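Counting in this note's numbering, the sequence shown tops out at residue 294, every number present.
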Amino acid sequence: MAAANEEITYALPSLLELAYQACSRDQRKRYDELPVVTVDLQVCCESLLKIIKFNSHADRFQPRGHRRFMFAKVHPKCRLINNICEMAAFHGHINCMKFARAIGVPWYTPNVWQRSACDEAADKGHMECLVYAHANGSPWSRWTCNFAAGSGHLDCLKYCRDNGFPWDEFTCTNAAQNGRMECLVYVRQNGCPWNEDTCSMAALNGKLKCLKYCRENGCPWDSFTCEMAASTGKLDCLRYAIENGCEWDIDGYLSAFHGMKDPSCLRYALKLKHGLAKTNASTSSPDDVIPSK
């Protein structure tokens, strides 16, 4: 049995959740349409309810005793997702995460296809889940900061850095390419590195404010900044780059397959080639005449 003074920090599934889980898909749909309490039953909840059910079948479910063995007794005998804690972090279900850990569910080791609980929480901005996961042994890496920056969750990003999580050039790049100005400014002011990819990815996604911030604060760029902007039709970023001295192989761009080009960027490239588009922002005009063929 559990020690008398052992603190239980989670709540067991409610009767409402148990009833909702027992309903068919059509019954759940009908319930969801009613003006009643919402039941946010996600895959992490479903998996934990399965664990309780399989333990109960053998009269072995004791909420206040032997909890640490509940998961091990049914896994892999019953079909469960491997990343229960991580899905709880993804959905912001702190109670599911705490209960899962209490019954012996391990942290999932992240790989190319799966994220850690810290990663999921940082990406979705679930601070309580991030703090709990970090404090209780969930793996973390440079990607945790990258996810927080890319999703614009400044509070999570600050927590990560305050607790020694690493970051790298992609942290800046991820913030810039997603237009997360607050995160971009924060990481730069706190020494995070950046490189040419930061500008090119900002241009690719049309994040002009971030592109301007990068250049005004010394971020390097190269011809890929123009190429990325042109490839996705981000004319404002392309014009800004050209007007501020970024190199671009215009002939190479024009000689490539025309069917893949954005019309506005193609017209602008033709103007540049024929000297009708200025490289000075004060004299450049979107109404420059396109040369006749």
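Note that the Cβ used here is the ideal one computed from N, Cα and C, for glycine as well. In this text the structure is predicted, and so the values were computed from the model without any measurement.
Under the three-state DSSP convention, the category residue i falls into
i	result
Y241	helix
C157	helix
I53	helix
M2	At M2, the pLDDT of 38 sits below 50, so the modelled position is not reliable and the matter cannot be decided from this model.
L185	helix
N175	helix
Y11	coil
S293	Because S293 carries a pLDDT of 36, less than 50, the predicted location of this residue cannot be relied on, and the following value inherits that uncertainty. In the structure shown, S293 sits in coil (DSSP, three-state: anything other than H, G, I, E or B).
Q43	coil
E34	coil
N191	coil
L16	helix
F148	helix
L27	The amino acid at residue 27 is misidentified as Leu; the sequence shows Asp. D27 falls in the helix class under three-state DSSP.
D169	coil
Same chain only: Cβ atoms within 6 Å of residue i, ignoring 5 sequence neighbours per side
i	result
S15	none
A176	A150, C184 and L185
P107	none
I9	none
Residue i and residue j closer than 8 Å at C-beta
i	j	result
R68	I104	yes
S265	G219	no
L17	V40	yes
L42	Q28	no
F225	E197	yes
A90	A134	yes
A230	A242	yes
Y109	N137	no
I95	V75	no
C157	G207	no
T172	C146	yes
C193	W222	no
Y160	M182	no
Sequence-distant residues of its chain with Cβ nearer than 8 Å to residue i (five each side left out)
i	result
P287	Low local confidence applies: a pLDDT of 38 at P287 is under 50, so the model's placement there is unreliable, and no value is given.
Close-in-space but distant-in-sequence residues of the same chain around residue i (CB under 7 Å, 5 per side omitted)
i	result
F148	D120, A123 and D124
D250	S224
* Asked: Mind pulling the beta strand (DSSP E) runs of 3 or more residues that sit fully within the region 196-271?
  -> When DSSP assignments are scanned along the region 196-271, no uninterrupted stretch of beta strand (DSSP E) that is 3 or more residues long falls wholly within it.
* To do: Report the residue ranges of all alpha helix (DSSP H) runs contained in full by the region 55-143; include only those spanning at least 4 residues, in chain order.
  => You should have 71-75, 85-92, 95-103, 118-125 and 128-136.
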